[in-house]
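Asker: Those sequence lines, one after another, are chains A and B. For the first sequence, counting from 1, position 195 maps to 241 in our numbering; every step adds exactly one. For the second sequence, counting from 1, position 272 maps to 273 in our numbering; every step adds exactly one. Glycine is no exception: its CB is placed at the ideal position from the N, C-alpha and C atoms. The structure is given below, and queries will be raised subsequently.
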Amino acid sequence: MTSMNLYLIAALSPLLGALLAGFFGRQIGRSGAHTVTILGVTVSLLASLIVFRDVLDGHVFNGAVYTWALVGNVNFEVGFLIDRLSALMMIVVTSVSLMVHIYTIGYMKEDPGYQRFFSYISLFTFAMLMLVMSNNFLQLFFGWEAVGLVSYLLIGFWYKKESAIYANLKAFLVNRVGDFGFLLGIALVLHYAGSLDYAAVFAQNENLATQQIELFNGVGWSLVTVICICLFVGAMGKSAQFPLHVWLPDSMEGPTPISALIHAATMVTAGIFMVARMSPLFEYSEAALSFVLIIGSITALFMGLLGLVQNDIKRVVAYSTLSQLGYMTVALGVSAYSAAMFHLMTHAFFKALLFLAAGSVIIGMHHQQDMRYMGGLRRKMPITWLVSLIGSLALIGFPFLSGFYSKDSIIESVHFSTIPGSGFAYIAVLIGVFITALYSFRMYFLVFEGEYRGGSGSAQHDQSEHKNHEPHESPRVVWMPLVVLAVLSVFSGAISIEPILFGGYFDGVIFVLTSHDVVGQFGEHFHGWLAMGLHGFQTLPFWLALAGVVVAWFIFLYSPRARASLSVFAPIRRLLEEKYFLDKLNEWCFASGSRSLGNLLWRIGDQKVIDGLLVNGSAKLVGKLGLFLRRMQTGFISHYAFVMILGAFALVTIWLFGK
Amino acid sequence: MLTNIIGSLSLIVWLPIVFGMLVLVVGGEGRERISRWIALLGSVLGALVVIPLWLRFDRTEATFQFVEFSPWIDIFNINYHLGIDGISLILILLNVVTTIFVVVAGWEVITKRVSHYNAAFLILSGMINGVFCSLDAMLFYVFFEATLIPMFLIIGVWGGPNRVYAAVKFFLYTLAGSLLTLVALIYLYRTSGGSFSILDFYATSIPQSAQVLIFLALFAAFAVKIPMWPVHTWLPDAHVEAPTGGSVVLAAVMLKLGGYGFLRLSLPIVPDAANELAPYVIGLSLIAIVYIGFVALIQRDMKKLIAYSSISHMGFVTLGIFIFNTEGMQGAVIQMVSHGFISAALFLCVGVLYDRLHSREIADYGGVVNSMPIFAALFLVFAMANAGLPGTSGFVGEFLVIMGAMATNFWFAFAAAMTLILGAAYTLWMYKRVIFGNVGSEKVARLKDVNVREFTMLFVLALVVIGVGLYPKPFTDVIGVSVSTILDLASVTKN
């Protein structure tokens with residue numbers, strides 16, 4: 047089998063599953079739908095594993111599948127670039143996707159849209175694979191928008207829910223703002239590099255770095271900076287970076303499995319992947335890197351803070367995702383692309399785990415998502431409890447767990463960086479560690495420890511037959527994927543830190559200038575995963591995380607009085623609950639603003655000026671003129687004779703004086 | 002072979018017209034059934050005869066192909082001169098396919114004067130083919146103006162309550178624009194030494210001041226037709242009052258006569274004026290894209306919304322043409338074809354809803370997906386295509402035009418790319434309010450999903466829209482040489 051066929055199998059088998067489940071869902075039934083889609087994703091995972099083995103042997107593929115269009119001298123192609131970066135992403139995408147597929151059998155068991163849901167998540171897997179396997183900007187954009195489409199469909203999966211269809215429109219539009227920048231970036235690349243093929247563009251990076259572009263009269267900008275910032279605006283939309291993050295918390299209106307797959311593990315990391323892929327461009331623009339770094343730091347710190355005041359279990363995890371995406375972006379900003387990819391991978395595992403575990407809690411609680419009505423679930427849902435604890439520890443960076451290795455690598459990289467803004471970023475990521483531990487263990491204590499607080503309250507899905515049921519452990523099909531992800535969350539960091547960061551895994555794929563090589567500097571202090579883990583207990587991040595856990599324990603478990611005394615922070619709490627008033631600002635400025643502008647242009651511009659004054663005005667003018675001329679035709683001979691005499695006099699006068 | 006007796010271009014021009022006449026003769030009160038079937042046969046045959054043309058068309062040849070020539074009015078040297086390039090061919094294809102959809106769309110819906118209705122569309126289809134085939138300016142002008150008559154009747158007879166106002170506005174607006182064209186053509190006849198051949202016009206040198214006047218005279222016709230801001234206000238009214246089929250043809254094909262006119266006449270005949278005035282045209286195009294995008298956002302009538310969306314999308318066509326580069330112009334042509342399919346599909350979708358509930362108000366709907374899931378899925382394809390999602394034909398044209406605009410000026414591309422946000426906003430907001438949410442009313446709850454006829458139409462269109470989006474190469478190949486020929490002509494100075 048040629049490698050091209052293998053790649054096609056990897057990409058297309060989820061598509062096939064999606065089409066079968068989507069178009070013939072009624073014929074093949076529920077079990078048919080999940081069988082074909084799971085089969086498709088499994089085949090894709092196996093193919094990805096073979097590809098992975100291949101690239102480890104040093105095999106790199108770069109070639110076209112077909113020519114999309116031929117315009118002038120430019121050849122727009124659909125093609126694959128299979129190297130270590132895409133292979134890693136393929137594994138992450140297909141493995142998490144497979145777990146989510148299996149989990150969904152249990153989670154969506156009672157949903158009437160069962161087949162449709164499987165069709166969508168398989169379609170998503172296909173689109174995401176096309177995105178990561180692309181060898182050019184065009185196909186990247188195709189995948190980019192296609193995952194956005196599926197995200198739109200899945201957030202609005204429960205299309206009767208007003209909040210869901212509000213959220214999916216918002217998600218699509220905010221992403222479109224990012225895509226707007228992204229497309230401009232692509233257009234700049236095409237114009238100045240004459241190609242959209244990665245290899246051809248990257249080969250010209252030094253040339254692009256020396257050029258200037260004049261955006262405003264007389265002010266020259268570095269071309270590569272403008273390109274990179276435009277591209278990064280796309281990443282800000284997709285990877286939910288401040289201020290384009292507003293869609294992600296609302297996307298929690300979708301079913302939980304897709305929150306795990308799309309809005310935590312894979313799609314939202316597309317922006318991170320993209321910047322890592324574009325490292326040969328970003329490396330030549332310190333200004334762009336600095337911009338990336340500062341946006342990432344703001345997201346990492348301030349989005350984590352919002353997680354502190356959420357009561358909805360999924361929203362806590364969502365804000366945690368935003369904050370962690372901020373960490374990855376920070377890593378990109380200090381040129382630690384490999385650390386960003388490393389954190390992307392570990393985060394995919396432990397965040398998918400946390401989301402799916404939250405989903406398991408939600409099933410166990412009969413669709414109650416409010417943590418104020420949970421508590422003490424440790425005894426009622428032991429497996430979910432254990433995997434959640436593992437996920438939370440991985441998230442806060444407890445030594446030896448996967449999150450520890452990746453997050454510490456980022457913090458250390460920032461520490462060594464000299465990019466402007468890295469001082470601020472270092473403080474932000476350190477405070478972020480404390481915040482992460484605080485909100486994670488607030489959630490953990492509220493859900494799993496203490497006393498059970500009833501479950502009812504304002505349940506979203508107020509299903510009366512479930513009302514009095516006790517929480518219970520989820521079925522095996524739900525917890526099995528959790529266990530697999532938990533195992534990955536524990537070990538994936540320790541086993542892969544050395545090859546990924548220091549073993550030259552990304553050599554020749556990710557490009558870093560020597561002066562920016564913070565990972566290399568960090569590597570000088572690295573003496574194996576064991577030593578790093580042991581050393582982890584003595585570092586500042588560990589103590590910060592521990593402090594977060596202790597504070598969370600004190601406030602939310604040990605001392606209810608301490609919790610009451612938090613009311614002194616009421617103004618801050620309000621600010622956080624209102625999400626820094628950004629949603630209100632968007633609603634007021636952009637949503638209402640553009641509607642008002644539209645109304646103004648329509649009623650004044652179109653109806654009054656163009657139609658009223660010019661079009662119908664000229665019709666009226668013609669009408670008036672006609673009326674005047676009609677009045678002249680009175681039909682009386684005497685009138686005509688009178689006018690004739692006047693005319694004769696006038697002519698004679700002109701004739702006399704004209705002489 | 003039939004084409005040995007009559008030229009293949011004459012066949013595609015006159016076949017629909019002959020069938021239109023036939024429908025008029027055979028049909029009549031009580032014979033609706035037969036007139037529908039003859040019309041369908043005519044439209045399908047009209048499309049089939051284009052296939053050999055598509056296959057035999059030489060994609061590497063820069064001159065006009067399948068040329069036919071015979072004298073018509075000798076004293077003015079006006080000739081029956083036909084010939085096509087790739088741009089004509091692709092638009093002819095769009096036209097003949099649209100005609101089939103129009104006949105099918107009116108099948109059970111039109112019950113009043115069925116034979117007249119179908120005849121009007123068939124004759125219109127032939128005339129539009131005539132515009133795309135003409136190489137004689139007078140012939141072009143005659144066909145161009147003649148298309149007004151059937152469309153005037155379609156709106157005026159089968160239209161909505163305010164149809165007379167809309168029909169008259171449509172007629173006067175576009176006629177006023179094109180009368181100036183006639184003046185320009187007569188001037189060209191004199192300067193070219195007594196010829197109405199468009200090819201002779203290409204070779205005629207014209208002083209700059211005259212070029213500007215000719216450009217403006219032609220512009221008056223084509224800008225109204227396409228339509229450009231600020232001469233666009235006839236279109237929303239015409240669409241709202243037109244029957245579904247009328248809207249489909251208007252949006253899918255008739256608007257393209259304007260774009261085609263720019264490419265066939267304005268640019269090659271008065272290249273210096275076109276270059277000089279291009280910045281203004283670009284400015285108007287960008288205003289159309291952004292301004293109209295905002296206006297579309299707040300429309301309450303679905304047809305009006307799609308009409309405004311059409312104007313905004315036509316902004317891409319004029320932008321693509323007047324930035325004078327390959328990406329832009331190919332994008333403009335692809336955008337014309339793609340918009341043809343997408344707007345046709347969207348108007349058909351509105352028609353499907355209108356036939357059931359007799360309302361086009363967005364507010365009267367809501368939650369349609371509950372009773373019409375298949376329709377909702379198909380509608381989504383077209384909504385996404387209208388928003389320019391990659392993988393649909395809507396993306397191809399917009400993408401190429403934005404790429405081309407970047408080569409001219411960053412800010413042109415910036416303004417054009419606003420459509421990514423605005424197009425998604427107005428289309429998907431409408432989609433949300435119509436399709437999603439709680440069931441709007443008792444009537445909506447009782448809606449029946451699409452029948453076989455409706456499903457087939459929309460499904461075929463969905464396949465076309467996605468097919469072109471995934472593999473536009475056959476289309477860019479057909480127009481490639483023609484576009485570069487026009488660009489060459491437009492870059493040679495003539496004064």
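1) What are the residues of the segment 203 to 229 of chain A that lie near chain B, defined by any Cβ-Cβ distance shorter than 7 Å?
2) Would you report the Cα separation of leucine 195 (chain A) and alanine 217 (chain A), rounded to the nearest angstrom?
3) Just the C-alpha distance for isoleucine 91 (chain B) and glycine 549 (chain A), rounded to the nearest angstrom, thanks.
4) Can you confirm whether aspartate 508 (chain A), when its beta carbon is compared against all beta carbons of chain B, has any partner nearer than 7 Å?
5) Using a beta-carbon distance below 7 Å, is tyrosine 292 (chain B) in contact with chain A?
6) What does alanine 327 (chain B) reach in chain A if we use C-beta pairs closer than 9 Å?
7) Locate the alpha helix (DSSP H) running through glutamate 443 (chain B), then write down its first and last residues.
8) Going straight from the alpha carbon of phenylalanine 703 (chain A) to that of leucine 697 (chain A), what length do you get?
9) Spatial neighbours of threonine 192 (chain B) within its chain, please: C-beta separation below 8 Å, excluding the five flanking residues on both sides.
10) If the cut is a Cβ gap below 7 Å, which residues of chain A does phenylalanine 1 (chain B) touch?
11) Does DSSP put glutamine 506 (chain A) in a helix, a strand or coil?
12) According to DSSP, what are the bridge partners of proline 72 (chain B)?
13) As an exercise, report each continuous alpha helix (DSSP H) stretch of at least 4 residues that is fully enclosed by the segment 129 to 211 of chain B, in chain order.
14) Short of 6 Å in beta carbon distance, which residues of its chain neighbour glycine 68 (chain A), apart from the five on each side in sequence? Order them along the chain.
15) Among B:Leu23, B:Ala120, B:Thr327, B:Arg37, whose alpha-carbon lies nearest the alpha-carbon of aspartate 489 (chain B)?
16) Just reading off the beta strand (DSSP E) that glycine 189 (chain A) is part of, what are its end residues?
17) Can you list, in chain order, the residues of its chain whose CB lies under 7 Å from that of valine 115 (chain B), leaving out five sequence neighbours each side?
18) Extract the residue ranges of the beta strand (DSSP E) inside the segment 204 to 289 of chain A, only unbroken runs of 3 or more that lie entirely within it.
19) By Cβ distance below 7 Å, which residues in the same chain neighbour asparagine 363 (chain B) in space, the five residues on each side in sequence not counted?
20) Are the C-beta atoms of threonine 83 (chain A) and some chain B residue less than 7 Å apart?
21) Give me whichever residues DSSP pairs with isoleucine 456 (chain A) in a beta bridge.
22) Taking just the CA atoms, how far does leucine 285 (chain B) sit from cysteine 635 (chain A)?
23) Are isoleucine 481 (chain A) and leucine 351 (chain A) touching if we call contact CB-CB under 7 Å?
24) When DSSP labels each residue in this structure, what does alanine 63 (chain B) get in the three-state scheme?
25) Could you spell out the range, first to last residue, of the alpha helix (DSSP H) harbouring tyrosine 490 (chain A)?
26) Go ahead and pull the three-state DSSP assignment for valine 117 (chain A).
27) Give the straight-line distance between the Cα atoms of methionine 419 (chain B) and glutamate 399 (chain B), rounded to the nearest whole angstrom.
28) The alpha helix (DSSP H) that contains valine 338 (chain B), what's its start and end?
29) Can you say whether methionine 324 (chain A) is buried or exposed, counting buried as having 16 or more other CB atoms within 10 angstroms of its CB?
30) Taking the Cβ atom as the reference point for each residue, do alanine 521 (chain B) and alanine 388 (chain B) lie within a distance shorter than 7 Å?
31) Could you name the residues of chain A that valine 165 (chain B) contacts, counting a contact when the two beta carbons are closer than 7 Å?
32) Look at the alpha carbon of proline 498 (chain A) and the alpha carbon of alanine 404 (chain A), and state the distance between them as a whole number of angstroms.
33) On the criterion of 16 or more Cβ atoms from any shown chain inside 10 Å, does alanine 246 (chain A) qualify as buried, or is it exposed?
34) Given that a residue counts as buried once 16 or more other Cβ atoms are within 10 Å of its Cβ, and exposed if not, what is threonine 680 (chain A)?
35) Go through its chain and collect everything with a Cβ distance to valine 139 (chain A)'s Cβ below 7 Å, but skip five positions before and after it.
36) What's the call for valine 26 (chain B), buried or exposed, on a 16-neighbour Cβ count within 10 Å?
Answerer: So, to answer that:
1) Tyr205, Lys206, Glu208, Ile211, Leu215, Phe218, Leu219, Arg222, Val223, Asp225, Phe226, Leu229
2) 10 Å
3) 55 Å
4) Confidence is the limiting factor: at aspartate 508 (chain A) the pLDDT is only 46, short of 50, which leaves the residue's position unreliable, though a coordinate-based value still follows. Closer than 7 Å: no.
5) Chain A places a beta carbon closer than 7 Å to that of tyrosine 292 (chain B), counting this residue as a contact.
6) Residue identity differs from the one stated: residue 327 (chain B) is threonine in this sequence, not alanine. Those within 9 Å of threonine 327 (chain B) in chain A are Val117, Gly118, Asn119, Val120.
7) 443 to 446
8) Put simply, the backbone Cα of phenylalanine 703 (chain A) is about 10 Å away from that of leucine 697 (chain A).
9) Thr205, Ile207, Ala211
10) Here chain B has residues from 2 to 496 only, and residue 1 (chain B) is not among them.
11) Residue placement at glutamine 506 (chain A) is poorly supported in this model, since its pLDDT is 48, which falls under 50; the coordinates are not used for a value here.
12) B:Asn80
13) Counting only runs of 4 or more, we get 138 to 147, 149 to 159, 164 to 192, 199 to 204.
14) Ser165
15) For the options B:Leu23, B:Ala120, B:Thr327, B:Arg37, the alpha carbon positioned closest to that of aspartate 489 (chain B) is the one of B:Thr327.
16) No beta strand (DSSP E) contains glycine 189 (chain A), which is instead part of the alpha helix (DSSP H) from 183 to 201.
17) Gly28, Glu33, Ser36, Arg37
18) 258 to 262, 265 to 268
19) Here residue 363 (chain B) turns out to be isoleucine, not asparagine, going by the sequence shown. Excluding positions up to five away in sequence, the list reads Arg301, Met303, Met431, Arg434, Val435.
20) no
21) Answer is none; isoleucine 456 (chain A) lacks a bridge partner.
22) 26 Å
23) yes
24) In the displayed model, alanine 63 (chain B) falls within coil according to three-state DSSP, outside both helix and strand.
25) 468 to 494
26) strand
27) For methionine 419 (chain B) and glutamate 399 (chain B), the distance between alpha carbons rounds to 11 Å.
28) Counting along the chain, valine 338 (chain B) sits inside the alpha helix (DSSP H) bounded by residues 327 to 358.
29) Methionine 324 (chain A) should be labelled buried.
30) Since the first residue shown for chain B is 2 and the last is 496, residue 521 (chain B) is missing from the structure and cannot be characterised.
31) Residues of chain A passing the Cβ test: none, with the nearest at roughly 14 Å.
32) Inspection of the sequence shows that residue 498 (chain A) is occupied by tyrosine rather than by proline. Taking the straight line joining both Cα atoms gives about 16 Å.
33) Classification of alanine 246 (chain A): exposed, given that the 10 Å Cβ count is below 16.
34) Counting C-beta atoms within 10 angstroms of its own C-beta, threonine 680 (chain A) has fewer than 16 neighbours from the protein chains shown and is therefore classed as exposed.
35) Thr171, Met174, Leu175, Val178, Thr312
36) exposed
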